[in-house]
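First up is the structure itself, then whatever we jot down about it.
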Amino acid sequence: MSVLEFFVPGVPRPQGSKNHVGAGRLVESSKGLAEWRWRVGLAANQARRGAPLHAGAVRATLIFVMPRPTYMARTTTPPHTSPPDVDKLVRGVLDALSGTLIVDDAQVTSLGDTHKRYADPAEPPGVHITVEAL
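Under the numbering used here, the first residue of the sequence shown is numbered 51, with each subsequent residue one higher.
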């Protein structure tokens, strides 16, 4: 792998806090995270095209395209400053890439121009992922 680029459609989900449900069990507090991680893993496997998991250092660039509110004017796109936090969105994607594209998310030594933004009109939400071997 030198550089892999792919898009994962769907509403990006954060991976953050866990809720205690009793008997020492913790569950993710983010609804839809399991499905989101499954989507990211599936897209990563398809992008890998049967090649072995990459075991070296990588740079990941993640561009999160968040759903555009219906009230937002079509002619303007302000920065996405509302939750979820970009670091929690990144955590969910990197964990999903572990075991599907790279061996472990600890291999990600840098994040490129990673950010979140509102979708342009008629653009689907999701995440653009670029993984580059270093």
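Don't be surprised by glycine CBs; every beta carbon is placed ideally from N, CA and C. Please read all numbers here as calculations on a predicted model, not as lab measurements.
Is residue i buried or exposed, if buried means 16 or more other CB atoms sit within 10 Å of its CB?
i: residue 166; result: buried
i: residue 64; result: buried
List the residues that DSSP assigns as beta-bridge partners of residue i.
i: residue 168; result: 116
i: residue 83; result: None; residue 83 has no bridge partner.
Are the beta-carbon atoms of residue i and residue j separated by less than 8 Å?
i: residue 171; j: residue 118; result: yes
i: residue 105; j: residue 151; result: no
i: residue 156; j: residue 91; result: no
Assuming residue i contacts residue j under a Cβ cut-off of 8 Å, what Cβ separation, rounded to an integer in Å, is found between them?
i: residue 176; j: residue 87; result: Wrong, their Cβ atoms sit about 14 Å apart, outside the cutoff.
i: residue 54; j: residue 111; result: Actually they are not in contact, since the Cβ atoms of residue 54 and residue 111 sit about 11 Å apart, beyond 8 Å.
i: residue 108; j: residue 183; result: 6 Å
With distance defined between alpha-carbon atoms, name the residue in the options nearest to residue i.
i: residue 134; options: 56, 102 and 62; result: 62
i: residue 136; options: 99, 116, 72 and 75; result: 116
i: residue 129; options: 140, 114 and 139; result: 114
i: residue 139; options: 57, 153, 83 and 174; result: 83
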